[in-house]
């Protein structure tokens, strides 16, 4: 195998961080990120320093304002109901 588990995880995290940077640079204003490690990689990749807590999507999972033009939701694997993504999309769309 070319990649071990750790190297594969790092490659995927880097991919999602770079993808988020390209999307935001191209004008995307809403991001919904799933996975704790992926969320951390996206926050680091976008160099976000502060996040303003917004409306609660599900218990323990709020929408977050990263800047005037960017609202995100970061969901780790342990949080969110079955309809989380539907609710998050609606809330982020209204933010």
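Residue numbers (the numbering used here): 41 to 135.
Where a beta carbon is used, it is the ideal one built from N, C-alpha and C, also for glycine.
Since the structure is predicted, the reported quantities are computational estimates derived from the model, not experimental observations.
Sorting 61, 100 and 67 by C-alpha distance to the C-alpha of residue 82 places 61 at the top.
Our two residues, residue 93 and residue 70, have alpha carbons roughly 15 Å apart in a direct line. Taking residue 95 as the centre and dropping the five residues before and after it, the same chain places the C-beta of 103 and 131 closer than 6 Å to its C-beta, in chain order. Look at residue 42 here: in three-state DSSP terms it is coil, with no helix or strand label. Per the coordinates, the alpha-carbon of residue 123 lies some 20 Å from the alpha-carbon of residue 78.
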